[in-house]
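K.L.:
In the numbering used here, the protein residues as written are 1 to 181.
All C-beta atoms in this analysis are idealised placements derived from N, C-alpha and C, irrespective of residue type, glycine included.
Predicted, not measured: the structure shown is a model, and the values here were computed from it.
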């Protein structure tokens with residue numbers, strides 16, 4: 001079955017095949033090993049998905065080589081292609097937190113103004129200082145999220161499932177390490 005997949009890889013442009021062909025074949029073999037013995041229906045779905053994905057990918061790569069690397073992705077793809085130039089910068093989370101804090105402060109200030117206006121008369125008295133009830137709640141939620149994240153990371157670290165640990169176990173050559181040397 002791998003020879004059929006290797007044959008279908010010839011549909012890709014030679015530069016793409018040279019750069020990614022062995023990796024694609026290795027991933028295919030790994031997934032094929034996982035689906036082995038799971039039934040004819042699952043194996044059939046696996047093959048249909050792989051062949052259609054390979055044909056679609058080959059078409060996209062040929063189109064990309066003709067149009068250049070900056071063409072817009074196909075609207076016929078079910079999954080969007082995530083490219084690094086479309087990702088948010090790392091400062092986005094910080095800026096969004098600052099904006100959220102400004103909005104919360106504006107809401108608290110507006111609440112203080114509404115509370116300082118008497119409901120029966122037109123006289124506006126001094127604006128009372130705001131009692132920030134939303135900030136402690138946000139602080140508790142943020143603290144809870146950080147603690148939950150730290151616990152999750154600790155569990156992943158204990159199970160050797162963190163990205164750094166998995167990357168340390170990665171062998172890019174695909175060869176078995178020799179134990180005698």
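Indicate, with yes or no, if the ligand FAD has a heavy atom lying under 7 Å from the CB of residue 136.
P.N.:
For the structure depicted, the ligand FAD is absent and the ligand set is empty, with no information on it obtainable.
K.L.:
Going along the chain, which residues of its own chain have a beta-carbon closer than 8 Å to the beta-carbon of residue 2, five neighbours each way excluded?
P.N.:
Excluding residues within five positions, the ones whose Cβ falls inside 8 Å are 25, 28, 29, 32.
K.L.:
Quick check: what's the CA-CA separation for residue 61 versus residue 47?
P.N.:
Their backbone Cα atoms lie some 21 Å apart in a straight line.
K.L.:
What number of angstroms, rounded off, separates the C-alpha of residue 137 from the C-alpha of residue 168?
P.N.:
Rounded to whole angstroms, residue 137 to residue 168 spans 40 Å at the Cα level.
K.L.:
By DSSP, does residue 127 sit in helix, in strand, or in coil?
P.N.:
Residue 127 falls in the coil class under three-state DSSP.
K.L.:
If you run the structure through DSSP and keep just helix, strand and coil, what is residue 78?
P.N.:
Below a pLDDT of 50, predicted positions are generally treated as unreliable, and residue 78, at 49, falls in that range; no measurement from the model is reported.
K.L.:
In three-state DSSP terms, what is residue 13?
P.N.:
Three-state result, residue 13: coil.
K.L.:
Report the rounded CA-to-CA distance for residue 186 versus residue 134, giving the unit in angstroms.
P.N.:
With the chain covering only 1 through 181, there is no way to say anything about residue 186.
K.L.:
Excluding sequence positions up to five away, which residues of its chain have a Cβ less than 8 Å from the Cβ of residue 57?
P.N.:
Hits under 8 Å: 12.
K.L.:
Look at the alpha carbon of residue 45 and the alpha carbon of residue 34, and state the distance between them as a whole number of angstroms.
P.N.:
Cα-Cα distance, rounded: 13 Å.
K.L.:
Name the two residues that bound the continuous alpha helix (DSSP H) containing residue 62.
P.N.:
Run containing residue 62: 40-67, per the alpha helix (DSSP H) assignment.
K.L.:
Looking at residue 50: is its Cβ nearer than 8 Å to the Cβ of residue 5?
P.N.:
Yes; because the gap between Cβ atoms is below 8 Å, this pair is in contact.
K.L.:
Using a Cβ-Cβ cut-off of 8 Å (strictly less than) and excluding sequence neighbours within five positions of residue 128, which residues of its own chain qualify?
P.N.:
Around residue 128: 112, 115, 116.
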